[in-house]
Amino acid sequence: TEDVDALRAFMVVVESGWDSRLAELAEESAESDSTEE
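Here it is in structure tokens:
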């Protein structure tokens with residue numbers, strides 16, 4: 051169905067940008083940890 055195709059396309063976009071987002075989150079968490087201590 052069209053819904054399934056749209057969901058698959060959405061998942062592809064999410065997966066393709068997941069690595070870069072995790073890297074950004076890792077940097078932000080590292081910065082917050084260092085500033086707290």
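Here my numbering is used: the first residue of the sequence shown is 51, the next is one more, and so on.
All residues carry an ideal CB built from backbone N, CA and C; glycine is no exception.
If we ignore side chains and look at the alpha-carbon of each, how far apart do residue i and residue j end up?
i          : j          : result
residue 52 : residue 69 : 27 Å
residue 63 : residue 74 : 17 Å
residue 67 : residue 59 : 13 Å
residue 79 : residue 61 : 25 Å
residue 81 : residue 72 : 14 Å
residue 56 : residue 65 : 14 Å
residue 77 : residue 54 : 34 Å
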